[in-house]
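Numbering (our numbering), first residue to last: 7 to 120.
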């Protein structure tokens, strides 16, 4: 059985910005958005074709230009953080420097924090 397209949802990025801002899980999406399965279907499709990456890149470039900078960054700052995980979290590593069992997450930003 194929997926049906919800014409009200086609082309909408409201869910994407909601998740970016609030960091919620799929099951906690607001009820005024389409069903989770529909949102997930479009998120996967848009990720596969590079649309989400392209939108983020274009928005970052617009912010940089509006701030009087070049469209792309020439310098970046890198940081990492060790985060404890629960026993049920699946694979985990061990940061010998901090002796924390869990995962290590990394972030890289430019001077504007993008």
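From the three backbone atoms N, C-alpha and C, an ideal C-beta is built for every residue, glycine too.
Extent of the continuous alpha helix (DSSP H) run through residue i
i: residue 35; result: Element bounds for residue 35: n/a, residue is neither H nor E.
i: residue 67; result: 57-72
Simplified DSSP assignment, three categories, for residue i
i: residue 114; result: strand
i: residue 108; result: strand
i: residue 120; result: coil
i: residue 76; result: coil
Member of the options whose CA lies at the smallest distance from the CA of residue i
i: residue 89; options: 111, 81 and 28; result: 111
i: residue 83; options: 118, 33 and 28; result: 118
i: residue 107; options: 120, 114, 116 and 87; result: 87
Start-to-end residues for the beta strand (DSSP E) that takes in residue i
i: residue 81; result: Here residue 81 belongs to no beta strand (DSSP E), and DSSP marks it neither H nor E.
Paired residues, beta bridge with residue i - DSSP
i: residue 87; result: 111
Subject >> contact_flag[the stretch 71-81, the stretch 51-62] where n(CB pairs < 8 angstroms) is 3 or more >> reply: no
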